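*Asks:* The structure's right below; bear with me while I get my questions together.
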Amino acid sequence: MACVEPRRNRDGEIISYRIRVNKGNDANGERLKPYVMTYKMDPNISNRQNMKILNEIVAEFERQCQKGTVCDGKQTFQQYAEYAMKIKERRGVKHSTLVRYRQMLKDIYEEIGYVHLVDIKPQMLNQFYESLEKGTARKTPERATPKVDFKQYLKKRKITQEMLHKKSGVGMMTIRSVIRGENILFEKAQVLCETLGVPLSTLFKCVTDERGLSSKTICEYHRLISSILALADKEMIIPFNPASKATPPRSKRKKVNYFDYDEVEKIVKSLKDEPIKWQTLVNLLLITGARRGEIVGLKWDAIDWEKNRIFIHVNLLYSTDRGIYEDTTKTEESERYIALPEETMEMLRAYRKWYIKTSTEFGSRWNNTGFLFFQDKSGNEGKPMHPDTVNQWLRSFAQRHGLGHINPHAFRHTMASLLLHGNMDIGAISKRLGHAKISTTLDIYSHILKESDEQSAETIADIVLRKEMA
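Heads up: the sequence shown at position 327 corresponds to 405 in our numbering, and the numbers run straight through without jumps.
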């Protein structure tokens, strides 16, 4: 039975009614916190009309309490999102994904973190997406620019780059970027300043990225908000998921970046003058179409020397809190064998000999981790390569040889495009790429398939129609 209590102002006038319905006791006999809601009197209607509405609300509220469908309007989005994140972590969501979610939640909390769950409306979410598109919703500093000559600053304090790296946990690549005066992530600048024991403003100027986000990125924000509110809907905390009724922008897929035949030829020719470690790594990127983390995560026991293939099942990643760490591949389908041509196997055999010779030369300093591609800096000899090192080396490689911009993922797209233009079965290509569904491959490479279809039309015309005319 519902208990209805009037709430009065200082003049003794009833301004609202508090409605309570007991939940009973728990298994230990302790009284549970009751269901509570408030009805505010409408001053624009008569007292009789207010009482009629109140009675209807009390009856409906009591009915919902009995069915267990009462919404808890007291939780804010931020409070519930933190609870939802813990559930995602327990369910085994990848660490890299959780890190990405945390980055997005900073912007989301600024906009709707304080709003009670039941007060979140589709219009509110649409306004947030619009502000992301214009760049006005991102209030958290994204980047930090060095204000001082960092190299001289460390020299005066008698701190080496290696010492700062070990003490702070910030990667050497980030520290080198600071030395060059380049922007770094705001969070990493904070860690460096905390390690050095100085205020952030002493060494860095913080910059908020006011550029609007792409529709694809905004859709990522929408999916995260929707997943949190969907859980609240599932747990019957809100009557429905307002994100399901919101209208995020349409995600426009960019054309994939890949090299044509001439560019591939130039890259392969230029590689002949480079160290064997990098020759082998880039060859594997191009021939296998594997992701950057999958290649730097390769160990020697993943090579099947008899069947000329490698086993992809590890992804090597980096995060500020963990450093370099091993993770499983992106999906179950990403765990796969990839066949290699004899030329690549010969290169791997030559690289293996160089690897053994190099590890022997390092002697007791060598860390026998089993990774194909390793660090050779003092104290880290043999440890797995930082994934970002690949991007850095490719950038300098392109500059040395007068090549265009090169990034690791372009090799993945290049392999796929070459196979598609060679009329390779789409199912085999999808499997080699490690896609969960063939539809994913079709979606990503739709423009290449269109080009192949146009070529097919010309080919069939040559065979069937133009032969007779000739």
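The C-beta atom is built at its ideal place from N, Cα and C for all residues, glycine as well. Computed from a prediction, not measured in an experiment: that's the story for all the values here.
#1: Once the 5 residues before and after H243 are set aside, which same chain residues still bring their CB inside 8 Å of it?
#2: In three-state terms, what does DSSP make of E83?
#3: If you reduce the DSSP assignment to three classes, tell me which class L395 lands in.
#4: Quick one, which of K229, I373 and W432 has its alpha-carbon nearest H464's?
#5: Tell me which residue opens and which closes the alpha helix (DSSP H) that M250 is part of.
#6: Report yes or no: is there a C-beta of chain B within less than 8 Å of the C-beta of Q268?
#7: Rounded to whole angstroms, what is the Cα-Cα separation between F282 and L263?
#8: Measure the beta-carbon distance from V99 to C143 and round it to whole angstroms, keeping in mind my assumption that it falls under 8 Å.
#9: Is the Cβ-Cβ distance between G375 and L362 less than 8 Å?
#10: Taking 8 Å as the cut-off, decide whether the C-beta atoms of E411 and A310 are in contact.
#11: Relative to the alpha-carbon of L302, which residue among N446, K166 and I135 has its alpha-carbon at the smallest distance?
#12: Flag this pair as touching only if the segment 441-456 and the segment 318-327 have three or more C-beta atom pairs under 8 Å; answer yes or no.
#13: If I measure Cβ to Cβ from L278 and keep anything under 8 Å in the same chain, skipping five residues before and after, which residues do I get?
#14: Pull up the CB-CB distance for P84 and Y95, whole angstroms please, since I reckon it's below 8 Å.
#15: So for N103, helix, strand or coil by DSSP?
#16: For the segment 400-419 against the segment 167-175, do three or more pairs of beta-carbon atoms, one drawn from each stretch, fall closer than 8 Å, so that the two count as touching?
#17: Sort out for me which residues DSSP pairs C553 with in a bridge.
#18: Could you give the residue range of the alpha helix (DSSP H) that holds R478?
#19: How many whole angstroms separate the CB atoms of I390 and E413, which I take to be in contact at a CB cut-off of 8 Å?
#20: Can the beta-carbon of G102 be found less than 8 Å from the beta-carbon of T154?
#21: CA-CA distance, D340 and T280?
#22: Expressed to the nearest angstrom, what Euclidean distance is found between the alpha-carbon atoms of G107 and M79?
#23: Taking M115 as part of the beta strand (DSSP E), name the residues at either end of that continuous run.
#24: My guess is that T519 and F337 are in contact by the Cβ rule of under 8 Å, so how many angstroms apart are they, rounded?
#25: What is the rounded straight-line gap between the Cα of H300 and the Cα of A380?
#26: Per the DSSP calculation, Y95 is bridged to which residue(s)?
#27: Assign W471 to buried or exposed, taking buried as 16 or more other Cβ atoms, counted over all protein chains shown, within 10 Å of its Cβ.
#28: Find the nearest neighbour of E70 within the set H479, V276 and F228, judged by alpha-carbon distance.
#29: Using a 10 Å radius around the Cβ and a threshold of 16 neighbouring Cβ atoms, would you call V392 buried or exposed?
#30: Take S304 and list the residues in its own chain whose beta-carbon comes closer than 6 Å to its own, dropping the five residues that flank it on each side.
#31: In terms of DSSP beta bridges, what is Y299 paired with?
#32: For A417, count neighbouring Cβ atoms within 10 angstroms of its own Cβ and tell me buried if that reaches 16, exposed if not.
#33: How would you label D185, buried or exposed, when you count the other beta carbons within 10 angstroms and need 16 or more for buried?
#34: Which residue wins for smallest C-alpha separation from Y433, given the options I123, K408 and G460?
#35: Between S255 and V196, what straight-line distance do the alpha-carbon atoms span, to the nearest angstrom?
#36: If you draw a straight line from the alpha carbon of W356 to that of A506, how long is it in whole angstroms?
*Replies:* Taking the coordinates as given:
#1: Same-chain partners within the cutoff: G249, M250 and I253.
#2: Three-state result, E83: strand.
#3: Here DSSP, grouped into helix, strand and coil, assigns L395 to strand.
#4: Cα-wise, what sits closest to H464 is I373.
#5: Looking at the DSSP string, the run of the alpha helix (DSSP H) that includes M250 is M250 to I257.
#6: This model lacks chain B altogether; it includes just one protein chain.
#7: Each residue's alpha carbon lies about 11 Å from the other.
#8: Going by Cβ atoms, the distance from V99 to C143 rounds to 4 Å, so yes, they are a contact pair.
#9: Judged by their CB atoms, G375 and L362 are not nearer to each other than the 8 Å cut-off.
#10: No.
#11: When each option's Cα is compared against that of L302, the closest is K166.
#12: These segments do not touch.
#13: Taken in chain order, the residues that qualify are A222, A267, Q268, C271 and C284.
#14: About 6 Å separates the beta carbon of P84 from that of Y95, a gap short enough to meet the 8 Å contact definition.
#15: Residue state, collapsed to three classes: strand.
#16: The way I'd put it, the segment 400-419 does touch the segment 167-175; three or more beta-carbon pairs between them come closer than 8 Å.
#17: Residue 553 falls outside the range modelled here, since the chain spans only 79 to 548, and no answer is possible.
#18: Looking at the DSSP string, the run of the alpha helix (DSSP H) that includes R478 is P465 to R478.
#19: With a Cβ gap of about 7 Å, I390 and E413 count as contacting.
#20: Annotated as distal: G102 and T154, with beta-carbon spacing of 8 Å or more.
#21: Cα atoms of D340 and T280: separation of roughly 49 Å, rounded to the nearest angstrom.
#22: One C-alpha to the other measures close to 20 Å.
#23: Annotation: the continuous beta strand (DSSP E) that includes M115 extends over Y113 to K118.
#24: The beta carbons of T519 and F337 sit about 19 Å from each other, so the pair does not count as a contact at 8 Å.
#25: Approximately 38 Å, taken between the alpha carbons.
#26: Y95 pairs with P84 and Y117.
#27: Buried, since its Cβ has 16 or more Cβ neighbours within 10 Å.
#28: There is simply no residue 70 to check, as the chain begins at 79 and stops at 548 in what is shown.
#29: So V392 counts as buried.
#30: So the list reads A321, once near-sequence residues are dropped.
#31: In the DSSP assignment, no residue is bridged to Y299.
#32: Looking at its Cβ environment, which holds fewer than 16 other Cβ atoms inside 10 Å, A417 is exposed.
#33: The residue in question, D185, is buried, as its Cβ has 16 or more Cβ neighbours within 10 Å.
#34: Looking at the Cα atoms, G460 is the closest of the given residues.
#35: Rounded to the nearest whole angstrom, the C-alpha separation of S255 and V196 is 45 Å.
#36: Going by the C-alpha atoms only, they are around 28 Å apart.
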